[in-house]
Each structure stands twice: as structure tokens, then as C-alpha cells.
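Some notes on the structure that comes next.
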Amino acid sequence: MITCKVEAVTFDEVSQMGIVLLTEQDGVRVLPIWVGIFEAQSILFRLQNSYFPRPLTHDLFKITIEQLGGKVDFVYLNKIEQNTYYAQIHLTQKNSEIVIDTRPSDAIAIALRCEVAIYIDEKVMELNAVDREEFLKEQKEKSYKNYLESLEEEDLGKLKH
Numbered sequence: 001m002i003t004c005k006v007e008a009v010t011f012d013e014v015s016q017m018g019i020v021l022l023t024e025q026d027g028v029r030v031l032p033i034w035v036g037i038f039e040a041q042s043i044l045f046r047l048q049n050s051y052f053p054r055p056l057t058h059d060l061f062k063i064t065i066e067q068l069g070g071k072v073d074f075v076y077l078n079k080i081e082q083n084t085y086y087a088q089i090h091l092t093q094k095n096s097e098i099v100i101d102t103r104p105s106d107a108i109a110i111a112l113r114c115e116v117a118i119y120i121d122e123k124v125m126e127l128n129a130v131d132r133e134e135f136l137k138e139q140k141e142k143s144y145k146n147y148l149e150s151l152e153e154e155d156l157g158k159l160k161h
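For the sequence shown, my numbering begins at 1 and goes up steadily by one.
Encoded structure:
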């Protein structure tokens, strides 16, 4: 298992989805995971230490586990099948170990709220990780390209001589 941290949450303008960037604790590889916009916001809220008067869904999950005497130990992105990542939430309750199958976005949001480790299977990282700098450069170029393609002639104004 490789220990990772959430480096950033960004948005893909083409797919209109969030991208969570998981970086090796001591490395340069990054595993980008495309997630829904609401899941990306939930992760981003926690990264920014945003708090709300009423609990959000992932906050409620954490509270429920704690109220039932449980404790989240870690989350684990354990496999990828047909371009879909799978994850697990590992917790203990009354000396029993419980493993809950979940989406990576939910696992990450819970890990951040419970302040526990995020692990990625070594094979998943090896086969799907990309170079951090190259990925960020590529995303920036896509963003510029999409912006330029979205411009209409009247947006550019008339060229004056």
C-alpha cells in the first residue's frame, strides 16, 4: 500500500467533472481521479477547512460512525476495473474490523474528515499514475484551448486600423 495525500481538487471543463489529485507521500507521481461535482466540492470544503452550521453528508457519516462507537482507521483505493476505481473504508467497532465498499470520492471525503490515512494499491498506482508536472501542464493547456474555442467573433471585438 502506498500512502497518499490529496494535493488538490481541480475541475475538468470538458467533462464538467471534478478531479482529485492524489500524490504519493514521498514521490512525484499523481493519481488523478475524476469525481462528480458535488463530491469534489465536499472534498474541497474540507481541504479549505470550511464548516457549515448543519452537517453535510460526509460529516453525517462520520458522526454516525462515532455515535455508534466506531472509528475509521484508514481508506484504501484497492482496485480499478473497466475504468472504474474502487475503494474501501476500514473501521473498527467494538473490537470488530469492518470493511465498507465505497466510491473513491466518498472514501477520500471521509478520510479527510476523520483525519486518517489514504492508501492506494501499489499496482493501481503503478498502472494509472502520471507525472505530476506533466498532468498539470496538460490540464492547463486544455483549459486554454477550451476557452479559446468557446470565444465568438464578437467576443474578440473589432480590429481597428
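Every residue gets a Cβ at the ideal spot worked out from N, C-alpha and C, and that includes glycine.
Candidates L44, T23, V14: closest to R113 by CA position: For the purposes of this step, residue 113 is identified with residue 113 of the sequence shown, where counting begins at 1. Closest option to R113, Cα to Cα, is L44.
Quick check: the Cα distance between I33 and I118, rounded to an integer number of angstroms? The sequence position of residue 33 within the sequence shown is 33, counting from 1. The sequence position of residue 118 within the sequence shown is 118, counting from 1. I33 and I118: Cα-Cα distance of roughly 14 Å.
What are the start and end residues of each continuous beta strand (DSSP E) run of 3 or more residues lying completely inside the region 64-134, in chain order? Qualifying beta strand (DSSP E) stretches, in chain order: 70-81, 84-93, 96-102, 117-120.
Would you mind stating whether T92 and K71 have Cβ atoms separated by less than 8 Å? Start at 1 with the first residue of the sequence shown, and residue 92 comes out as number 92. Start at 1 with the first residue of the sequence shown, and residue 71 comes out as number 71. Going by C-beta atoms, T92 is nearer than 8 Å to K71.
Taking only runs of the beta strand (DSSP E) that begin and end inside the region 3-36, which ones reach a length of at least 3 residues, in chain order? Those beta strand (DSSP E) runs which fall completely within the region 3-36 and span 3+ residues are 17-24, 29-35.
Below 7 Å CB to CB, which residues in the same chain sit around Y144 once its five sequence neighbours on both sides are set aside? Position 144 of the sequence shown, counting from 1, holds the residue named residue 144. Confidence is the limiting factor: at Y144 the pLDDT is only 48, short of 50, which leaves the residue's position unreliable and the question unanswerable from this model.
V9, buried or exposed, once every other Cβ within 10 Å from all chains shown has been counted against 16: Within the sequence shown, numbered from 1, the residue matching residue 9 stands at position 9. With 16 or more other Cβ atoms within 10 Å, it is buried.
Around the C-beta of I167, are 16 or more other C-beta atoms found within 10 angstroms, so that it is buried, or is it exposed? Given a span of 1 to 161 for the chain in the structure shown, any question on residue 167 remains unanswerable.
Taking the alpha carbon of I171 as the point to measure from, which residue in F74, M1, I65, I108 has its own alpha carbon closest? Residue 171 cannot be examined here, being either before or after the span of the chain that is shown, 1 to 161.
Spatial neighbours of R46 within its chain, please: CB distance less than 7 Å, with the 5 preceding and 5 following residues excluded, ordered by chain position. For the purposes of this step, residue 46 is identified with residue 46 of the sequence shown, where counting begins at 1. Beyond the five residues adjoining it in sequence on each side, R46 comes within less than 7 Å, by CB distance, of A109, L112, R113 in the same chain, given in chain order.
So what's F45 in DSSP terms, helix, strand or just coil? As a first step, residue 45 is located in the sequence shown; it is residue number 45 there, counting from the start. Here F45 sits in helix by DSSP.
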